[in-house]
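Colleague: Everything in the sequence shown is counted per full-length UniProt numbering, starting at 1 for the first residue and increasing by one. We put the CB at the ideal spot given by N, CA and C, even for glycine. Remember, it's a predicted structure, so these values are computed and weren't measured experimentally.
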Amino acid sequence: MGQELCMTEVEVLGGEILVVATSHLESPCPSPPKWDQMGDMNWDDKLDSQFPFPDGWIDPWRELRPAEDGFTYDTKSNHMLSGNRSLRKRLDRFICKMKDFKVSGVEMIGMEPIPGLSYTKEKSYRQEKKLLELPVLPNDHYGLLLTISSNNA
1 MGQELCMTEV EVLGGEILVV ATSHLESPCP SPPKWDQMGD MNWDDKLDSQ FPFPDGWIDP
61 WRELRPAEDG FTYDTKSNHM LSGNRSLRKR LDRFICKMKD FKVSGVEMIG MEPIPGLSYT
121 KEKSYRQEKK LLELPVLPND HYGLLLTISS NNA
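#1: Answer with buried or exposed for Phe71, where buried requires no fewer than 16 other C-beta atoms within 10 angstroms of its C-beta.
#2: Quick one: residues in its chain with C-beta nearer than 8 Å to the C-beta of Pro113, no 5 flanking neighbours on either side, listed in chain order?
#3: Look at the alpha carbon of Leu132 and the alpha carbon of Ser124, and state the distance between them as a whole number of angstroms.
#4: Please state whether DSSP places Met38 in a helix, a strand or coil.
#5: Consult DSSP for Met7 and reduce its assignment to one of helix, strand or coil.
#6: Does DSSP classify Ile62 as helix, strand or coil?
#7: Do Lys102 and Gly56 have their beta-carbon atoms positioned less than 7 Å apart in this structure?
#8: Contact defined as beta carbons within less than 8 Å: I believe Arg88 pairs with Lys76. What is the distance between those atoms, to the nearest angstrom?
#9: Suppose the cutoff is 6 Å on Cβ atoms and the five residues either side in sequence are ignored; what does the same chain contact list for Cys6 look like?
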């Protein structure tokens, strides 16, 4: 799988320009490509080292929620991943450098199962195979929602 970076400029109210980018880096657990995927950063602080912030760049999660771990891939809390090996990582994040805007909020989304939807997963325990009925969430990673506002507001 290749590494991708997609960027665009958005003109917002007042004529200010906001540059938005998303990346999809190599997954530590490769799978078939998902052509409709958006923003799956897969940055692993243990494997890739601490994220290299150039001057003026911030991590909104660390700025606004320093006491929270921010795990976006979490086999402990995401019951759709039950039966997988234990893994809790902050693979996804926003990286921001803003002149005309400010970060006013960041939250994790997609943490609730989709009502009425489940799937069956086969899991081997020693010599025995078991079928697990698991909930379905929007993704195996939790999503992040960033709220920004104009400095002129």
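Modeller: So, from the listed chains and residues:
#1: buried
#2: His79, Met80, Pro135, Val136 and Leu137
#3: 10 Å
#4: Residue placement at Met38 is poorly supported in this model, since its pLDDT is 43, which falls under 50; the coordinates still yield a value, given next. If DSSP states are grouped into helix, strand and coil, Met38 belongs with coil.
#5: strand
#6: The sequence shown places Arg at residue 62, rather than the Ile named in the question. In this structure, Arg62 counts as helix in the three-state DSSP scheme.
#7: Taking 7 Å as the Cβ cut-off, Gly56 and Lys102 do not qualify as a contacting pair.
#8: 6 Å
#9: Thr22.
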